Amino acid sequence: MPVRSGAAPVGALDLRSRSGRPLVFATYLAPRLLPVYEVIVAAVGERLGIPVRLELGTSFNQLVNGDVDLAFLCGLPYVRLAEQLDPLAAPVVAGDRYGGRPVYFSDVIVRSESPFQTFADLRGAAWSFNDPDSHSGYLATLARLLELGETDAFFGRVIDAGWHQVSIELVASGLVDASAVDSHVLAVELRDRPDLANRLRVIESFGPSPIQPVVARRSLDAGFRRRLRDTLASLAGDGLSQGLVERLTPITDDWYDPIRAMLARVTEAGLTLSPTDPAASRALGPADR
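So in our numbering, the last spot in the sequence shown is 275, and the numbers never skip.
Take a look at the structure:
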């Protein structure tokens, strides 16, 4: 990725002198895309001339209390924390289906030999979701159930997998019948594991939905946040393309209104999805997820 030289902005220098620590990024997203986040964080540090660090996020409170400055965050927790966070930019995923926009899909996957042809066929099936704080794997599924007039009793068995990669493996291995997974994560998995293309098929897609933003806590200097937004929006090149990302593009809060509206409908209906098999949920260790 090309890196431009330049002096650090006043806001960045103020941040360093005030805190005595690097600018801290955290990712709360699928570890499958961690290499892309590492490229983005390193490029921001180089272009702004400041020390940076990327951590694996453990709690959204890290953003609220200031332990984390910026984050790669799902749209669902973003809309819940929007008063405290500023959405700066979001990735544009490579591929015609994305239309050059910062969107993605929830792809409902089953095994290739499965009899299921549509989401509605999955009544009584074994289902996995990646995380209850996920839009693509959890909220979008609830919204589809609501559209069909169904309840959380629709599935026969539900597992909380912990990550999209685990859900993909659970379906491919036959441990569950189906799952809704992030189309970006699925595309990277299919590229790197060609065997999966013969083992899985997509029977339905929810979306397009606003893709996960890069957010900053609003307590950061406003001028510095503008500089961060501009820097993120300037990133493009081989470092991003390895993760099937064309570029980052600036976004604003209203881009996430569709998720906000979906959450309101699901909340009003009182619809949730709880694991029916707690022993099987998140049974794999972090390294396996």
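In this text, a Cβ means the ideal position worked out from N, Cα and C, and glycines have one as well. Since we're looking at a predicted model, the values are computed, not measured.
Given a threshold of 16 other Cβ atoms within 10 Å of its Cβ, counted over all protein chains shown, does residue i qualify as buried or as exposed?
i, result
"residue 255", "exposed"
"residue 190", "buried"
"residue 116", "buried"
"residue 258", "exposed"
"residue 42", "exposed"
"residue 86", "exposed"
"residue 120", "buried"
"residue 238", "exposed"
"residue 99", "exposed"
"residue 183", "exposed"
"residue 153", "buried"
"residue 93", "buried"
"residue 307", "Here the chain covers residues -13 to 275 and nothing more, so residue 307 does not appear."
"residue 213", "buried"
At which residues does the alpha helix (DSSP H) containing residue i begin and terminate?
i, result
"residue 227", "224 to 227"
"residue 69", "Residue 69 -> no alpha helix (DSSP H), and no H or E assigned at all."
"residue 244", "243 to 255"
Along the chain, where does the beta strand (DSSP E) containing residue i start, and where does it finish?
i, result
"residue 97", "89 to 97"
"residue 21", "Residue 21 -> not in any beta strand (DSSP E); alpha helix (DSSP H) instead, spanning 20 to 34."
"residue 217", "Counting along the chain, residue 217 falls outside any beta strand (DSSP E), though it belongs to the alpha helix (DSSP H) covering 208 to 219."
"residue 276", "The structure shown has nothing for residue 276, since the chain only spans -13 to 275."
"residue 230", "Per DSSP, residue 230 belongs to no beta strand (DSSP E) and is neither H nor E."
"residue 13", "9 to 13"
Identify, in the order they occur along the chain, each residue of the same chain with its Cβ nearer than 8 Å to the Cβ of residue i, setting aside the five sequence neighbours on each side.
i, result
"residue 157", "95, 96, 97, 114, 163, 164, 165, 186"
"residue 174", "18, 19, 229, 230"
"residue 137", "131, 257"
"residue 226", "-13, 22, 25, 26, 77, 232, 233, 234"
"residue 215", "74, 75, 236"
"residue 80", "227, 230, 231, 232"
"residue 242", "61, 64, 65, 68, 73, 196, 199"
"residue 260", "138, 144"
"residue 274", "For residue 274, the predicted model reports a pLDDT of 34, less than 50, meaning its position is unreliable and no value from the coordinates is stated."
Would you kindly check if the distance between the Cβ of residue j and the Cβ of residue i is under 8 Å?
i, j, result
"residue 38", "residue 9", "yes"
"residue 168", "residue 123", "yes"
"residue 252", "residue 139", "no"
"residue 70", "residue 203", "yes"
"residue 195", "residue 64", "no"
"residue 197", "residue 88", "yes"
"residue 126", "residue 210", "no"
"residue 142", "residue 111", "yes"
"residue 67", "residue 217", "no"
"residue 44", "residue 144", "no"
Just to confirm my understanding: we take residue i, look at its own chain, exclude 5 residues before and 5 after, and list those with CB closer than 6 Å. What are they?
i, result
"residue 171", "16, 18, 150"
"residue 11", "27, 40, 56"
"residue 46", "63"
"residue 176", "182, 183"
"residue 83", "none"
Just to confirm my understanding: we take residue i, look at its own chain, exclude 5 residues before and 5 after, and list those with CB closer than 7 Å. What are they?
i, result
"residue 201", "56, 57, 59, 64, 71, 72, 73, 74"
"residue 134", "106"
"residue 188", "93, 94, 95"
"residue 205", "52"
"residue 248", "125, 129"
"residue 48", "12, 54"
"residue 219", "75, 234, 235, 236"
Counting only beta-carbon separations shorter than 8 Å, does residue i have a partner in chain B?
i, result
"residue 61", "Within the model displayed, chain B is absent; a lone protein chain is all it includes."
| said: For a minimum of 4 consecutive residues, which ranges assigned as the alpha helix (DSSP H) are wholly contained in the region 112 to 199? | reply: Taking 4 residues as the minimum length, the alpha helix (DSSP H) runs contained wholly in the region 112 to 199 are 126 to 133, 150 to 158, 169 to 178, 182 to 185, in order along the chain.
| query | Which runs of the alpha helix (DSSP H) spanning at least 4 residues fall entirely within the region 35 to 59, listed in chain order? | reply | If one requires a minimum length of 4 residues, the alpha helix (DSSP H) runs lying completely within the region 35 to 59 are 47 to 50, in chain order.
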